[in-house]
Every structure is written in structure tokens, then in C-alpha cells.
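Visitor:
Chains as they are written, first to last, in this note's numbering: chain A, 626 to 821; chain B, 4 to 183.
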């Protein structure tokens, strides 16, 4: 038998502790984002020349999260977005945004968000920390999130819904065009159905 | 002579031919240039507007051209042309016409993919028809680009062939298109 080094032993202890910590809060249920019923939206808002605000939505995305109302800290979120599905109600603009100078969706078709930790702020509010991979760049982002509510739906399921808000500086994701209108306000409305 | 004769081109066909040359080359240059414009360029909006409008007008010209082809068929091939030259010339002529139709149709499908019509210089609007092809603006965009490149290659072949007839065979193929 291989001798357990001190380092490995410590690592084992931590893994054990982490596992038991998760086990201790195992009221967490897993949810699928309800994209099938389109009860979830990922929207982008950005300035047009500084005169107005344009809206776009990502039509195709998916994801899941685990959520424990009594212990927000134990929750986890994972979202993936088909970036090319952006729709701003103007085909030529969408085509332009998919292009190399902006989202470059041929090369980077998918954006992902994986939560790393959750920081409760009280009153159903929390900061969702995680890694956003967009346009080939992985960056830590902090989403200001709110649990809207959770409960049974009329059709035998159980749902929980959140909203989130984060401002992205597109320069950090390699976009050099549109400066000085380089920030995008992302709004997320995520309703999940508990997995059976 | 307005109409085509058995051995000569009429003024209308000559005019349409050279006007089409100017428009196709102009739209190609404008199209390739405008897609790389910076958002804040003063041409960012006007470039595509002109491209779309001229494209629609070219479609009208092309429709008239096809009608005119039946009303006043082009002159017969020059007798000194070999059979393979006559056949390939005909094929290329029809291929050019077909490609122009296809490039215009694909361009139309980009701009109208979301149901918006094409405003031609503020004179009239061409309404959208097909809007629900999946990824329509991207798919139509790729087709528009590659067919346009094929059109340019075919047009180059067509032009080189005319130059070959003029300088090597020393026949009247090219000057016929100038009304001789």
C-alpha cells in the first residue's frame, strides 16, 4: 500500500470536510432552467451612441442550478448560452454583432457561466460569484441576484425564480469596437423547474 | 438601331450590358468595403443603404433585360467562332444572368430576414417575404458573398474571353459590344 504523505492526508481531510459540509445541507434540490416554456430570459442592454438603450435577448441557452432556500450558500449555478442566438429585433444588426469585431460567434459559439461561490446579502438578495467564459476569455464576474420566489406550480411541479444583474465591460472580452459604448448591462431572469 | 440585329447589338442591349458592368463592379467594391467599416464611420449607415437600393434597381434592370432578350434576341455568334467557343460563350452568358439573379435574391434575404422591407432611396419599399429560414441573415449572407465572388470570377472569364477574341483572334466579338 502506498504511504499516505502528509500533504495527501491533509487534502483528504479537506475533501472529507467539504463533502460532509455539502451533505449537511443536502436540502438543496436541483433545477433545470425552464427554457422549454421560455420562462427564462438572458437580456443585454447597451447604449446606442449615448442617446438611447438597445435591448437584445439570447434565444437559445440552457442550464441548471441547485438551490436550497435555507442555505443559499450551498447553491450552484451553471448556464451555457448559444451566443449566435442573439436577437435585437434587427437581423442585420444581429449579423453584425455575431461578426468578428464583436461576438465572433463562428470562433466562440458558446458562453458559459459557472458559479464559484454565493455571498448572501439578506432579504433574498445575494451576490453570485462565478466565471464567465465569453469570446474565449474567462473572467470572474459578480452577479447581483435576488430570489424572486419559489413554490409549487399549478401543474404538479416545483419552481424557483431569480433575477440577476451584471454590467460587463466588453473590452475585457477582447471587443475593441463600439468604444466608448463598451459596457453591456446583462439582465437574467431565470426560472427553474425542480428535477424529478 | 434600338433593337438587336442578326449580326449587331442594338443600343438598348449595349447600354444595359455596360450599365450592368458598372453596377456589378461598383456594388462589389462597395459591398466588400462597407462590411469592414467602423461603427462610427459616416458611411456605416449610408454605405449599406446605397448598396441595397442599387441592388434593387439592378434587379429591375435585370428583369427588363430578360424580357428584352425575348423581345429582341441577341445577334448570332460570329461565324469564325469554333463550336466549343459558341457553346461556352452561351453557357457563360446564361450563368452570369443566373448568378446575378441569385446574388440579388440572397442579398434581399439578408436585409429582409426580420420582416423589414428594403427602402430604395426613400422612393419605394420592397416588402419582405421569406423571413423564417433558420439563421436566415447568416446563411443568406454567406450565399450572397460566395455567389458574388463566383459572379466576379465568371465575369472576369467572360471579359478575358472577349479580350482574347479581340487581340488574339482579331475578330469583332468585343467591338460588337461597342456598337460596331
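Just so it is clear, CB atoms sit at the ideal spot from N, CA and C, and this is done for glycine as well. Note that the structure is a prediction, hence the values are computed from the model and not measured.
Considering just the uninterrupted stretch of the alpha helix (DSSP H) at residue 19(B), what are its terminal residues?
Guide: Position 16 of the second chain holds residue 19(B). For residue 19(B), the enclosing alpha helix (DSSP H) stretches over residues 14-37.
Visitor: Which residues in the same chain have their Cβ closer than 6 angstroms to the Cβ of residue 182(B), if we skip the five residues on either side of it in sequence?
Guide: Counted from its first residue, the second chain places residue 182(B) at position 179. Cβ neighbours of residue 182(B) beyond the five flanking positions: 17.
Visitor: Rounded to the nearest angstrom, what separates residue 741(A) and residue 658(A) at their Cα positions?
Guide: By 1-based counting over the first chain, the position of residue 741(A) is 116. By 1-based counting over the first chain, the position of residue 658(A) is 33. C-alpha separation (whole angstroms): 18 angstroms.
Visitor: At the level of alpha carbons, what is the spacing between residue 98(B) and residue 114(B)?
Guide: In the second chain, the residue the question calls residue 98(B) occupies position 95. In the second chain, the residue the question calls residue 114(B) occupies position 111. CA-to-CA, the gap between residue 98(B) and residue 114(B) works out to about 24 angstroms.
Visitor: According to DSSP, is residue 141(B) part of a helix, a strand, or is it coil?
Guide: Along the second chain, one-based indexing puts residue 141(B) at 138. It is helical.
Visitor: Report the residue from 738(A), 780(A), 654(A) whose alpha carbon sits nearest the alpha carbon of residue 695(A).
Guide: The residue labelled residue 695(A) in the question sits at position 70 within the first chain. Closest by alpha carbon: 654(A).
Visitor: So, at 7 angstroms on beta carbons, what are the nonlocal neighbours of residue 52(B) in its own chain, with the 5 sequence-adjacent residues on each side left out?
Guide: Within the second chain, residue 52(B) is the residue found at index 49, counting from 1. Contacts found: none.
Visitor: Taking only beta-carbon atoms, is residue 720(A) less than 8 angstroms away from chain B?
Guide: Looking up residue 720(A) in the first chain gives position 95. Yes, because at least one Cβ of chain B sits closer than 8 angstroms to the Cβ of residue 720(A).
Visitor: Buried or exposed for residue 136(B), going by 16 or more other Cβ atoms inside 10 Å?
Guide: The sequence position of residue 136(B) within the second chain is 133, counting from 1. Counting C-beta atoms within 10 angstroms of its own C-beta, residue 136(B) has fewer than 16 neighbours from the protein chains shown and is therefore classed as exposed.
Visitor: So, helix, strand or coil for residue 725(A), using DSSP?
Guide: Against the first chain, residue 725(A) aligns to sequence position 100. DSSP places residue 725(A) in the coil class of the three-state scheme, outside both helix and strand.
Visitor: With burial defined as no fewer than 16 other Cβ atoms inside 10 Å of the residue's Cβ, what is the status of residue 676(A): buried or exposed?
Guide: In the first chain, counting from the first residue as 1, residue 676(A) sits at position 51. When all chains shown are included, residue 676(A) counts as exposed.
Visitor: Put residue 733(A) into one of helix, strand or coil per three-state DSSP.
Guide: Taking the first residue of the first chain as 1, we reach residue 733(A) at position 108. Residue 733(A): coil per DSSP, three-state reduction.
Visitor: Using alpha carbons as the reference points, say which of 690(A), 704(A), 707(A), 713(A) lies closest to residue 680(A).
Guide: Translated into the one-based positions of the first chain, residue 680(A) becomes position 55. Of the listed residues, the one whose Cα sits closest to residue 680(A) is 713(A).
Visitor: Within 8 angstroms of any Cβ in chain B, is that where the Cβ of residue 723(A) sits?
Guide: Residue mapping note: residue 723(A) aligns to position 98 of the first chain, counting from 1. Yes, residue 723(A) counts as interfacial toward chain B.
Visitor: Name the residues in the segment 688-718 of chain A whose C-beta lies less than 8 angstroms from a C-beta of chain B; which are they?
Guide: 709, 714, 715, 716, 717
Visitor: Excluding sequence positions up to five away, which residues of its chain have a Cβ less than 8 angstroms from the Cβ of residue 820(A)?
Guide: One-based indexing of the first chain puts residue 820(A) at position 195. Contacts found: 654, 655, 656, 657, 689.
Visitor: Please name the residue in 39(B), 7(B), 61(B) whose C-alpha comes closest to that of residue 30(B).
Guide: In the second chain, counting from the first residue as 1, residue 30(B) sits at position 27. Ranking the options by Cα distance to residue 30(B), first place goes to 61(B).
Visitor: So, are the CB atoms of residue 770(A) and residue 757(A) less than 8 angstroms apart?
Guide: Taking the first residue of the first chain as position 1, residue 770(A) is located at position 145. Taking the first residue of the first chain as position 1, residue 757(A) is located at position 132. Cβ distance not < 8 angstroms, so residue 770(A) and residue 757(A) don't count as in contact.
Visitor: Quick check: is the beta carbon of residue 114(B) nearer than 8 angstroms to any beta carbon in chain A?
Guide: Here the question's residue 114(B) lines up with position 111 in the second chain. Closer than 8 angstroms to some Cβ of chain A, the Cβ of residue 114(B) qualifies, so yes.
Visitor: Specify the secondary structure class of residue 753(A) as computed by DSSP and reduced to three states.
Guide: Residue mapping note: residue 753(A) aligns to position 128 of the first chain, counting from 1. In the structure shown, residue 753(A) sits in a strand (DSSP, three-state: E or B).
Visitor: How about residue 92(B) and residue 80(B): are their beta carbons less than 8 angstroms apart?
Guide: Position 89 of the second chain, counted from the first residue, corresponds to residue 92(B). Position 77 of the second chain, counted from the first residue, corresponds to residue 80(B). For residue 92(B) and residue 80(B), yes; Cβs fall inside 8 angstroms.
Visitor: Only counting the same chain, and skipping five residues up and downstream in sequence, which positions put a Cβ closer than 7 angstroms to that of residue 701(A)?
Guide: For the purposes of this step, residue 701(A) is identified with residue 76 of the first chain, where counting begins at 1. For residue 701(A), where only same-chain residues beyond five positions count, the Cβ hits under 7 angstroms are 690, 691, 740.
Visitor: Could you work out which residues of chain A lie near residue 139(B), taking near to mean beta carbons separated by less than 8 angstroms?
Guide: Translated into positions along the second chain, residue 139(B) becomes position 136. Result: 716.
Visitor: Quick one: which residues of the segment 789-804 of chain A get their C-beta closer than 8 angstroms to a C-beta of chain B? List them in chain order.
Guide: 802, 803
Visitor: Where does the unbroken beta strand (DSSP E) through residue 670(A) begin, and where does it stop?
Guide: As a working mapping, residue 670(A) is identified with position 45 in the first chain. Taken as a continuous stretch (DSSP letters only), the beta strand (DSSP E) holding residue 670(A) covers 666-673.
Visitor: Return the residue from the list 56(B), 148(B), 32(B), 76(B) that minimises the CA-CA distance to residue 9(B).
Guide: In the second chain, the residue the question calls residue 9(B) occupies position 6. Here the closest residue by C-alpha is 76(B).
Visitor: Determine, for residue 29(B), whether the minimum Cβ-Cβ distance to residues of chain A falls below 8 angstroms.
Guide: Indexing the second chain from 1 puts residue 29(B) at position 26. It does not: the Cβ of residue 29(B) has no partner Cβ on chain A nearer than 8 angstroms.
Visitor: Taking Cβ positions only, does residue 172(B) come closer than 8 angstroms to chain A?
Guide: Taking the second chain and counting its residues from 1, one reaches residue 172(B) at position 169. So no, residue 172(B) is outside the interface.
Visitor: Using the DSSP secondary-structure output, state which residues sit across from residue 745(A) in a beta bridge.
Guide: The count along the first chain starts at 1 and reaches residue 745(A) at position 120. The beta-bridge partner set that DSSP reports for residue 745(A) consists of 751(A).
Visitor: According to the neighbour-count rule (16 or more other Cβ atoms, all chains shown, within 10 Å of its Cβ), is residue 44(B) buried or exposed?
Guide: What you label residue 44(B) is simply residue 41 of the second chain in a count that begins at 1. Exposed: under 16 other Cβ atoms inside 10 Å.
Visitor: By the DSSP assignment, the beta strand (DSSP E) with residue 765(A) in it spans what residues?
Guide: Reading the first chain from its first residue, position 140 is the one you call residue 765(A). Unbroken beta strand (DSSP E) run through residue 765(A): 762-777.
Visitor: Between which two residues does the alpha helix (DSSP H) holding residue 93(B) run?
Guide: As a position in the second chain, residue 93(B) is number 90, starting the count at 1. Residue 93(B) -> alpha helix (DSSP H) spans 86-114.
Visitor: Please name the residue in 95(B), 23(B), 55(B), 74(B) whose C-alpha comes closest to that of residue 65(B).
Guide: One-based indexing of the second chain puts residue 65(B) at position 62. Answer by Cα proximity: 23(B).
Visitor: Report the residue from 732(A), 795(A), 703(A) whose alpha carbon sits nearest the alpha carbon of residue 810(A).
Guide: Stepping through the first chain from its first residue, residue 810(A) is reached at position 185. It is 795(A) whose Cα lies nearest to the Cα of residue 810(A).
Visitor: Who are the Cβ neighbours of residue 718(A) in its own chain at under 6 angstroms, not counting the five residues just before and after it?
Guide: On the first chain, residue 718(A) is found 93 positions in, with the first residue counted as 1. Excluding positions up to five away in sequence, the list is empty.
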